[in-house]
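Visitor: Just so you know, the protein sequences line up as chains X and Z, in that order. Here this note's numbering is used: position 243 in the first sequence is 425, and no number is missing along the way. Here this note's numbering is used: position 75 in the second sequence is 76, and no number is missing along the way.
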Amino acid sequence: MTQTNESVDVVARPLRHYGRWFSAVLIAALLGALVWSLVTAPSINHSMISKYMFDPLVVDGARTTVILTVISMSIAIVLAIFLAVMKLSTNPVLRVISSTYIQVFRGTPLLVQVVFWGYLGLIYSDITISVPFTHHVLWSRPTSDAISAFTAGVIALALNEAAYAAEVVRAGIQDVDKGQFEAADALGFSRALTMRRVVLPQAMRTIVPALGNETIGMLKNTALLEVLNVLELYTRTQHISSQNLAQVELLIVAAVWYMAMTTVLSVPQRWLEKYFGRGTAQTPSSKRWLKGSK
Amino acid sequence: MSEQQFMVDAQHVRKSFGSEQVLKDISLQIPKGSVTCLIGPSGSGKSTFLRCINHLEKIDGGRIYVDGELMGYRTKGDYLYEMSPRQIAQQRKHIGMVFQRFNLFPHMSALDNVVIGPVQVSGKSESESIARGKVLLDMVGLSGELNSYPSQLSGGQQQRVAIARAMAMDPKLMLFDEPTSALDPELVEDVLKVMQQLAQGGMTMVVVTHEMGFAREVAQEVVFMDGGFVVERGKPSQVIDNPTEERTREFVKSVL
Ligand SMILES: Nc1ncnc2c1ncn2[C@@H]1O[C@H](COP(=O)(O)OP(=O)(O)OP(=O)(O)O)[C@@H](O)[C@H]1O
Ligand SMILES: [Mg+2]
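Encoded structure:
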């Protein structure tokens, strides 16, 4: 039996992960074959792709897509917090309003909602604000002036997303330990203060990753606004390809842009996850093989 | 009337959860500046009674006065009117509560946990509250952990932050629900020491606990509850060491 008197450093060869190497080589080979088939496909005009990748109209479309996503998502999140709090309220009227809203906006296709908001002018030719129950008109404009295609698109995306995000927020709130509500009550916190400073910051730990998914979904769904002729990325590439008939090439341009944008989105998501995860315990070693688990 | 003398005056309190009557008829007066320990078997309604005192639970019958004020209701003529959440919060402001599971806000540092109440609820200035928070954390022996998050503290340290958080609201009454039963044995003493310090400072305290040593040393009165009633109450030396009721005797034997 060997015994040492001193503490000796552990010097060992690290465990070899043969499975990782094998799977990496296999995936690389398959990916290579796919790329090669696209590169060598005679029907795809590659110079067309690189020509339009940074075309000013395409870049402008991508910018519009980002703006649409940011504005719509921001409105949706604010609405969602109200809807979630209403749905968890003890007030039955608020609960019914929230449930009905969620039911309607989740129960109909987004495309239908987009077209609906775009066609609002056919239903109400003017938007009028008047003193209730009188004919005294304070403000009136034709619907098509008051609501541009862009605005209609934002309304459609935001209202629809609010219904989904409300469920995400509600689940996040319900995830918060009930001891937190009790501690806040016992300290004499108002309900609003409890939500703002105690519950929502903790709910964010579960909300942020789910909303990250929702944001990616929203960014891709902006392409539906093509039916309203909102000049976002997909609409722009469609306009160009209807002129030069390079449909596939411009689809690839659009796809590459969407991919790039959704990839970039994961950066602020990781930053937010870190911020709202503050104060949570370190990863226990038994869970460390799940990378990124908390 | 009793208002001058008693911090808590509970009269014939009843409370049910569904068909289960947890508190059947509890009357208890707690003098100002005294320490009262509530003991009793699991499920006897100790926590429920404590939570009724600060109206975390609504009572079905009886009255609870804290410092002469009826909790949760307003009387007008012969009628009782339920208070709004805002008014109830106002009443709770000066009743501190310490929980078995600490219930610290995990996303805030120890100091922020202590400061948020005075700033957001009592409208005190931030600098004044921070200074006071540091004094309180120093008092509970945690001046070195101001910026630690609860997850970085031991259970005993977390509970002491929780006591400092409650003290920051300048409570006239402190309620403790088994403050040491979630702690490792070696951490219990530090928390009890802080509580004893509060008692010596004249704080009125109601403590649900199984720590008979603490009850003997610190409490003026020990109340034994069972089956929704107060079975026996009196000086610690009497209730713990010389109980008159058979049920008390059995219970005390089981926890000593
Ligand atoms: N919110 C609730 N809903 C339904 N039943 C409850 C609720 N809270 C407590 N009870 C019931 O009331 C009874 C008394 O509970 P309570 O927590 O007051 O007992 P306790 O004396 O504090 O016991 P322990 O020593 O285990 O903490 C138990 O039977 C419990 O199941
Ligand atoms: Mg209990």
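Built from N, CA and C at the ideal position, the CB exists for glycine as well.
Counting only Cβ-Cβ distances shorter than 7 Å, please list the residues of the stretch 363-376 of chain X near chain Z, keeping chain order.
Guide: Listed by position along the chain: Glu364, Ala365, Asp367, Ala368, Leu369, Gly370, Phe371, Ser372, Arg373 and Leu375.
Visitor: Expressed to the nearest angstrom, what Euclidean distance is found between the alpha-carbon atoms of Z/Phe7 and X/Leu261?
Guide: Here the question's residue 7 of chain Z lines up with position 6 in the second sequence. Here the question's residue 261 of chain X lines up with position 79 in the first sequence. Separation of Z/Phe7 and X/Leu261 (C-alpha to C-alpha, rounded to the nearest whole angstrom) is 48 Å.
Visitor: For Z/Arg75, which three-state DSSP category applies?
Guide: Against the second sequence, residue 75 of chain Z aligns to sequence position 74. If DSSP states are grouped into helix, strand and coil, Z/Arg75 belongs with the strands.
Visitor: Select from the stretch 149-163 of chain Z all residues with a C-beta closer than 9 Å to any C-beta belonging to chain X, and list them in chain order.
Guide: Tyr150, Pro151, Ser152, Gln153 and Ala163
Visitor: Looking only at C-alpha atoms, which of X/Leu341, X/Thr417 and X/Leu369 sits nearest to Z/Lys173?
Guide: For the purposes of this step, residue 173 of chain Z is taken as the residue at position 172 of the second sequence. Of X/Leu341, X/Thr417 and X/Leu369, the smallest CA-CA separation from Z/Lys173 is found for X/Leu369.
Visitor: For Z/Lys94, count neighbouring Cβ atoms within 10 angstroms of its own Cβ and tell me buried if that reaches 16, exposed if not.
Guide: Residue mapping note: residue 94 of chain Z aligns to position 93 of the second sequence, counting from 1. Counting Cβ neighbours within 10 Å, Z/Lys94 comes out buried, since at least 16 surround it.
Visitor: In three-state terms, what does DSSP make of X/Glu343?
Guide: Within the first sequence, residue 343 of chain X is the residue found at index 161, counting from 1. Residue state, collapsed to three classes: helix.
Visitor: Short of 6 Å in beta carbon distance, which residues of its chain neighbour Z/Glu4, apart from the five on each side in sequence? Order them along the chain.
Guide: As a first step, residue 4 of chain Z must be located in the second sequence, where it is residue number 3. Model confidence at Z/Glu4 stands at a pLDDT of 47, short of 50, so the residue's coordinates are unreliable and nothing is read from them.
Visitor: Return the first residue and the last residue of the alpha helix (DSSP H) that Z/Leu257 is part of.
Guide: Along the second sequence, read from residue 1 onward, the residue named residue 257 of chain Z stands at position 256. For Z/Leu257, no alpha helix (DSSP H) segment is defined, and its DSSP state is neither H nor E.
Visitor: Does ligand 2 have even one heavy atom less than 7 Å from the beta-carbon of Z/Asp26?
Guide: Here residue 26 of chain Z refers to the residue found at position 25 when the second sequence is read from its first residue. No; taking the cut-off as 7 Å, the Cβ of Z/Asp26 has no heavy atom of ligand 2 nearer than that.
Visitor: Starting from the beta carbon of X/Pro383, find every residue of chain Z whose beta carbon is closer than 8 Å, and list them in chain order.
Guide: The residue you call residue 383 of chain X lines up with position 201 of the first sequence. Under the 8 Å cutoff, chain Z gives His108.
Visitor: What runs of the alpha helix (DSSP H), each 4 residues or longer, lie entirely inside the stretch 335-396 of chain X?
Guide: Counting only runs of 4 or more, we get 360-368.
Visitor: Output the boundary residues of the alpha helix (DSSP H) element that contains X/Leu433.
Guide: Position 251 of the first sequence, counted from the first residue, corresponds to residue 433 of chain X. Per DSSP, X/Leu433 belongs to the alpha helix (DSSP H) from Gln429 to Phe458.
Visitor: Can you list, in chain order, the residues of its chain whose CB lies under 6 Å from that of Z/Met2, leaving out five sequence neighbours each side?
Guide: By 1-based counting over the second sequence, the position of residue 2 of chain Z is 1. Annotation note: pLDDT 45 at Z/Met2 (below 50); position unreliable, coordinate value reported separately. Answer for Z/Met2: no residue qualifies.
Visitor: Quick one: what does DSSP say Z/Arg234 is sitting in, helix, strand or coil?
Guide: Here residue 234 of chain Z is taken as the residue at index 233 of the second sequence, counted from 1. Strand at Z/Arg234.
Visitor: Can you determine whether any heavy atom of ligand 1 sits closer than 7 Å to the C-beta of X/Val381, and answer yes or no?
Guide: Taking the first sequence and counting its residues from 1, one reaches residue 381 of chain X at position 199. Outside the cutoff, so no.
Visitor: At the 8 Å Cβ level, is Z/Gln88 part of the contact set with chain X, yes or no?
Guide: As a position in the second sequence, residue 88 of chain Z is number 87, starting the count at 1. By this cut-off, Z/Gln88 is not an interface position.
Visitor: Use the C-beta contact count for X/Met441: other C-beta atoms within 10 angstroms, 16 or more gives buried, fewer gives exposed.
Guide: Translated into the one-based positions of the first sequence, residue 441 of chain X becomes position 259. When all chains shown are included, X/Met441 counts as exposed.
Visitor: According to DSSP, simplified to helix, strand and coil, what is Z/Ile31?
Guide: The residue given as residue 31 of chain Z occupies position 30 in the second sequence. Looking at Z/Ile31 - three-state DSSP - the assignment turns out to be strand.
Visitor: Z/Asp178: beta carbon under 7 Å from a heavy atom of ligand 2?
Guide: Position 177 of the second sequence, counting from 1, holds the residue named residue 178 of chain Z. Within the cutoff, so yes.
Visitor: Out of curiosity, what's the CA-to-CA distance linking X/Trp321 and Z/Ser152?
Guide: Taking the first sequence and counting its residues from 1, one reaches residue 321 of chain X at position 139. Taking the second sequence and counting its residues from 1, one reaches residue 152 of chain Z at position 151. Each residue's Cα considered, the two are about 56 Å apart.
Visitor: Compare the C-alpha of Z/Val192 against each of Z/Ser238, Z/Gln92 and Z/Gln160 and name the closest.
Guide: One-based indexing of the second sequence puts residue 192 of chain Z at position 191. If we check each option's Cα against that of Z/Val192, Z/Gln160 comes out closest.
Visitor: Could you tell me whether any non-hydrogen atom of ligand 1 is closer than 7 Å to the CB of Z/Thr49?
Guide: On the second sequence, residue 49 of chain Z is found 48 positions in, with the first residue counted as 1. Flag set: Cβ of Z/Thr49 near ligand 1.
Visitor: Where does X/Asp367 land, buried or exposed, given buried means 16+ other C-beta within 10 angstroms?
Guide: Taking the first residue of the first sequence as position 1, residue 367 of chain X is located at position 185. Buried is the call here.
Visitor: Cα separation between X/Phe236 and X/Leu432?
Guide: If you number the first sequence from 1, residue 236 of chain X lands on position 54. If you number the first sequence from 1, residue 432 of chain X lands on position 250. Taking the straight line from one Cα to the other gives about 11 Å.
Visitor: For Z/Leu39, count neighbouring Cβ atoms within 10 angstroms of its own Cβ and tell me buried if that reaches 16, exposed if not.
Guide: For this step, residue 39 of chain Z is matched to residue 38 along the second sequence. That one is buried.
Visitor: Using beta carbons (cut-off 8 Å, strictly below), is X/Gly461 in contact with chain Z?
Guide: If you number the first sequence from 1, residue 461 of chain X lands on position 279. With 8 Å as the cut-off, X/Gly461 counts as an interface residue toward chain Z.
Visitor: Quick one: residues in its chain with C-beta nearer than 7 Å to the C-beta of X/Gln420, no 5 flanking neighbours on either side, listed in chain order?
Guide: Numbered from 1 along the first sequence, position 238 holds the residue referred to as residue 420 of chain X. Once the five neighbours on either side are set aside, the close Cβ partners of X/Gln420 are Glu408.
Visitor: Whose Cβ in chain X lies nearer than 9 Å to the Cβ of Z/Val240?
Guide: Translated into positions along the second sequence, residue 240 of chain Z becomes position 239. Going along chain X, no residue has its Cβ under 9 Å from Z/Val240, so there is no contact; the nearest lies around 28 Å.
Visitor: Taking its Cβ as the centre, do 16 or more other Cβ atoms sit within 10 Å of Z/Arg166, making it buried, or is it exposed?
Guide: By 1-based counting over the second sequence, the position of residue 166 of chain Z is 165. Z/Arg166 comes out buried.
Visitor: By DSSP, does Z/Met2 sit in helix, in strand, or in coil?
Guide: As a working mapping, residue 2 of chain Z is identified with position 1 in the second sequence. In this prediction, Z/Met2 scores a pLDDT of 45, lower than 50, which makes its location untrustworthy; the coordinate-derived value is nonetheless stated afterwards. Reduced to three states, the DSSP call for Z/Met2 is coil.
Visitor: Using the three-state DSSP reduction, which class does Z/Tyr150 fall into: helix, strand or coil?
Guide: Stepping through the second sequence from its first residue, residue 150 of chain Z is reached at position 149. In the displayed model, Z/Tyr150 falls within coil according to three-state DSSP, outside both helix and strand.
Visitor: Please confirm whether Z/Gly156 and Z/Ala183 have their CB atoms less than 8 Å apart.
Guide: For this step, residue 156 of chain Z is matched to residue 155 along the second sequence. For this step, residue 183 of chain Z is matched to residue 182 along the second sequence. Yes, the Cβ-Cβ distance between Z/Gly156 and Z/Ala183 is below 8 Å.
Visitor: Verify the contact flag: Z/Val209, CB atom, against every heavy atom of ligand 2, threshold strictly below 7 Å.
Guide: Sequence index remark: in the second sequence, residue 209 of chain Z carries index 208 (1-based). Because some heavy atom of ligand 2 lies under 7 Å away, the Cβ of Z/Val209 counts as near it: yes.
Visitor: To which residues of the same chain is X/Arg202 closer than 6 Å at the C-beta, ignoring the five residues directly before and after it?
Guide: As a working mapping, residue 202 of chain X is identified with position 20 in the first sequence. Within the same chain, X/Arg202 has no close Cβ partners at all.
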